[in-house]
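These notes are about the structure you will find just below.
In the working numbering, the protein residues as written are 372 to 662.
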């Protein structure tokens with residue numbers, strides 16, 4: 372069990388870095404009128420290489436066979452709007468704002484863990500959530516004068532993506548992690564191919580390289596996070612607190628590549644978020660001991 376929690380935490384930490392790198396590239400691509408279906412069409416080799424490799428090695432069938440296809444396809448449908456939400460959000464809000472709003476996911480995850488996964492939450496998890504949320508508020512510094520309706524679009528995406536990880540954790544035995552990955556990308560790739568036919572776009576070699584790099588990162592991140600939440604039995608809520616660290620990577624990328632500066636309050640918020648991630652570690656240990 373200790374090995375599993377370390378493996379899940381490590382996968383989630385790596386995935387958080389990959390997610391932000393992908394978001395940073397999408398932040399650039401959305402500014403030059405690249406739509407989500409253009410991105411997915413040109414980046415599809417990064418996704419298709421997995422099922423193709425499994426097919427030619429004779430391992431395809433064991434990863435696509437499921438004991439409950441309703442769950443698998445419901446998750447795929449739930450995940451499908453995410454690329455559209457990401458692109459439209461990053462066209463209208465900054466990368467740090469986008470990532471910060473995504474940091475509401477640990478709180479939603481804790482609620483889902485309590486209601487649907489029947490997990491026992493402990494003081495460390497509550498403290499991590501409180502400090503992490505406080506850090507988020509310091510970073511975003513919300514106010515009615517700066518309110519943007521695309522904040523709500525992003526938050527809707529947070530609910531969707533958290534729902535998909537809850538499904539993976541709750542129904543961890545119906546299919547493999549690779550199977551969840553393959554089915555998860557199936558619907559959105561089919562939709563994107565159809566939309567690309569109606570609205571094709573020829574991109575430069577530089578843009579194609581950016582899309583390819585981002586696609587490798589996002590597909591790797593999706594698989595790593597899927598695997599992490601699949602093996603995170605009884606400590607889903609506590610490892611989700613590690614997602615707060617994603618705001619740190621986002622702030623660094625926003626600063627170095629997009630000149631998106633954070634003031635002293637936002638920097639304090641980033642430190643609180645790091646602290647919340649550290650506090651979640653004993654929360655994981657206690658959840659393991661309580662099993």
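We put the beta carbon where it would ideally sit given N, CA and C, even for glycine.
Contact defined as beta carbons within less than 8 Å: I believe residue 557 pairs with residue 447. What is the distance between those atoms, to the nearest angstrom? The residue given as residue 557 occupies position 186 in the chain shown. The residue given as residue 447 occupies position 76 in the chain shown. With 8 Å as the limit, residue 557 and residue 447 qualify as a contact, their Cβ atoms being about 6 Å apart.
Since residue 498 contacts residue 481 with CB under 8 Å, what's their CB separation in whole angstroms? Indexing the chain shown from 1 puts residue 498 at position 127. Indexing the chain shown from 1 puts residue 481 at position 110. Rounded, the Cβ-Cβ distance is 12 Å, inconsistent with contact.
Can you tell me which of 469, 460, 594 and 458 puts its alpha carbon nearest to the alpha carbon of residue 620? The residue labelled residue 620 in the question sits at position 249 within the chain shown. When each option's Cα is compared against that of residue 620, the closest is 469.
Work out the CA separation of residue 577 and residue 506 for me, nearest whole Å. Here residue 506 refers to the residue found at position 135 when the chain shown is read from its first residue. Here residue 577 refers to the residue found at position 206 when the chain shown is read from its first residue. Whole-angstrom Cα-Cα distance: 36 Å.
Whole-angstrom Cβ separation of residue 610 and residue 391, contact assumed at under 8 Å? Start at 1 with the first residue of the chain shown, and residue 610 comes out as number 239. Start at 1 with the first residue of the chain shown, and residue 391 comes out as number 20. The pair is not a contact, with the Cβ atoms about 18 Å apart (cut-off 8 Å).
The segment 470–477 contacting the segment 579–597, beta-carbon criterion three pairs below 8 Å: no
Are residue 604 and residue 543 touching if we call contact CB-CB under 8 Å? The sequence position of residue 604 within the chain shown is 233, counting from 1. The sequence position of residue 543 within the chain shown is 172, counting from 1. Yes, Cβ-Cβ distance for residue 604 and residue 543 is below 8 Å.
What is the residue span of the alpha helix (DSSP H) that residue 429 lies within? Your numbering for residue 429 matches position 58 in the chain shown. Careful: residue 429 lies outside any alpha helix (DSSP H) and carries neither H nor E.
Grab me the residues of residue 642's own chain with a C-beta within less than 8 Å of its C-beta, minus the 5 sequence neighbours each way, in chain order. Working through the chain shown from its first residue, we reach residue 642 at position 271. Around residue 642: 506.
Whose CA, out of 549, 503 and 541, lies closest to the CA of residue 639? On the chain shown, position 268 is the one that residue 639 refers to. The shortest Cα separation from residue 639 among 549, 503 and 541 belongs to 503.
For a test of the three-state rule: what should DSSP assign to residue 439, helix, strand or coil? As a position in the chain shown, residue 439 is number 68, starting the count at 1. Looking at residue 439 - three-state DSSP - the assignment turns out to be coil, as it is neither helix nor strand.
Reference residue 400, options 419, 457 and 475, closest by Cα: Numbered from 1 along the chain shown, position 29 holds the residue referred to as residue 400. Out of 419, 457 and 475, 457 has the C-alpha closest to the C-alpha of residue 400.
How many Å lie between residue 474 and residue 489 at the Cα? The residue labelled residue 474 in the question sits at position 103 within the chain shown. The residue labelled residue 489 in the question sits at position 118 within the chain shown. Each residue's alpha carbon lies about 22 Å from the other.
Proximal residues to residue 431 (C-beta, below 8 Å), its chain only, five neighbours per side dropped: Position 60 of the chain shown, counted from the first residue, corresponds to residue 431. Same-chain partners within the cutoff: 422 and 425.
Report buried or exposed for residue 402, applying the criterion of at least 16 other Cβ atoms within 10 angstroms of its Cβ. The residue labelled residue 402 in the question sits at position 31 within the chain shown. Counting Cβ neighbours within 10 Å, residue 402 comes out exposed, since fewer than 16 surround it.
Kindly provide the ranges of any alpha helix (DSSP H) runs that are 4 or more residues long and lie completely inside the segment 436–498, ordered along the chain. 440–450, 453–461, 466–473 and 476–486
Consult DSSP for residue 588 and reduce its assignment to one of helix, strand or coil. To locate residue 588, count along the chain shown from 1; it is residue 217. Three-state result, residue 588: helix.
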